[in-house]
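Each position in the sequence shown, counted from 1, maps to that position plus 31 in the numbering used here. Note that the Cβ used here is the ideal one computed from N, Cα and C, for glycine as well. The structure presented is a predicted model; accordingly, all values stated were derived computationally and were not measured.
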Amino acid sequence: MQTVQVVSWSLKENIATITIDNPPVNVLSEEVVEQLTHSLDEIENEPNVKVVIITGSGEKAFMAGGDIKGFPNWIGKGVPLAKEKSLWLQGPLNKIEQLPYPTIAAINGLALGGGCELALSCDIRIAEEQVEIGLPEVKLGLFPGAGGTQRLSRLIGLSKAKEMIFTGDAVSANKAKEIGLVNHVVPKGEALAESIALGKKMTRHSSVAITLAKQAMDTGIEQTLEEGLHTEAERFGEVFQTVDVREGVQAFIEKRQPNFLDK
């Protein structure tokens, strides 16, 4: 039987755009997990990528959650099986988080459960004004297992994350911005365009400098302040050995635009 394409990606002007197209609401199905992983592997091997954007197809949902119809097969089969399924769901989201370049979630519709967790794995989130975002798993007698309990609390703080997860209530796009869950709220239909515009700003700069900055932040956030400052100093030392820092500084001195080579 021919496999249905539910995840695709394209590259334009150094921006890779991944689209989840699993109608009607782009659930995080087995096919999405496998094809998303495959797409990320391809993107990692594409040397011209400087920014990655993830969005959903259609207007209804960015991703409305996991494939709940498959959950009965996981119930009562022992801890190892359910743990394995959690790690499997976490897999592609971990890959997104670990990409060396900026990642942006263009949230164009409902982002619930696995959809919220997918957005959380990105560096930046842009939501359309009609969007609702949440982790409603507790309403099914379970809790988020694709990174939600860990990434949400790191992003918005433990107390706010507990309230969202313990109630299962979704928040509006504006409320999500207020609590730091999303970076920007835009009119309906404009999340992808806004994400591309933001991505283009990033592609103008040295990708090696951005990668080192991302490494410093992602590593440092898990360390003490003293350790994080040491990590920052190490990455700062590395950036001063690049071709791009030489070009950037010289361009500033000569009052011209730099021509970064990403080296």
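Pop quiz: residue i and residue j are said to be a contact at Cβ under 8 Å. What is the actual Cβ separation, rounded to whole angstroms?
{"i": "residue 85", "j": "residue 158", "result": "Wrong, their Cβ atoms sit about 13 Å apart, outside the cutoff."}
{"i": "residue 37", "j": "residue 52", "result": "6 Å"}
{"i": "residue 87", "j": "residue 93", "result": "4 Å"}
{"i": "residue 219", "j": "residue 163", "result": "Contact doesn't hold; Cβ gap of about 13 Å is too wide."}
{"i": "residue 68", "j": "residue 122", "result": "6 Å"}
{"i": "residue 254", "j": "residue 262", "result": "6 Å"}
{"i": "residue 155", "j": "residue 214", "result": "5 Å"}
Which one of the options has the shortest CA to CA distance from residue i?
{"i": "residue 202", "options": "167, 177, 175", "result": "167"}
{"i": "residue 181", "options": "209, 173, 152", "result": "152"}
{"i": "residue 96", "options": "179, 272, 204, 75", "result": "179"}
{"i": "residue 77", "options": "185, 46, 273, 237", "result": "46"}
{"i": "residue 83", "options": "260, 292, 228", "result": "228"}
{"i": "residue 231", "options": "206, 135, 68", "result": "135"}
{"i": "residue 99", "options": "155, 81, 61, 224", "result": "61"}
{"i": "residue 90", "options": "120, 221, 200, 128", "result": "221"}
{"i": "residue 226", "options": "249, 128, 139, 259", "result": "139"}
{"i": "residue 234", "options": "274, 282, 291", "result": "291"}
Given a cut-off of 8 Å, decide if residue j and residue i are closer than it, judged by their beta-carbon atoms.
{"i": "residue 165", "j": "residue 187", "result": "no"}
{"i": "residue 124", "j": "residue 143", "result": "no"}
{"i": "residue 216", "j": "residue 205", "result": "yes"}
{"i": "residue 192", "j": "residue 183", "result": "yes"}
So for residue i, helix, strand or coil by DSSP?
{"i": "residue 277", "result": "helix"}
{"i": "residue 192", "result": "helix"}
{"i": "residue 115", "result": "helix"}
{"i": "residue 144", "result": "coil"}
{"i": "residue 176", "result": "coil"}
{"i": "residue 152", "result": "coil"}
{"i": "residue 159", "result": "strand"}
{"i": "residue 106", "result": "coil"}
{"i": "residue 96", "result": "coil"}
Subject >> Uninterrupted beta strand (DSSP E) stretches inside the stretch 205-257 (no shorter than 3 residues) >> reply: Those beta strand (DSSP E) runs which fall completely within the stretch 205-257 and span 3+ residues are 215-217.
Original post:
Unbroken alpha helix (DSSP H) runs of length 4 or more, entirely within the stretch 33-92: which are they?
Top reply: 61-75
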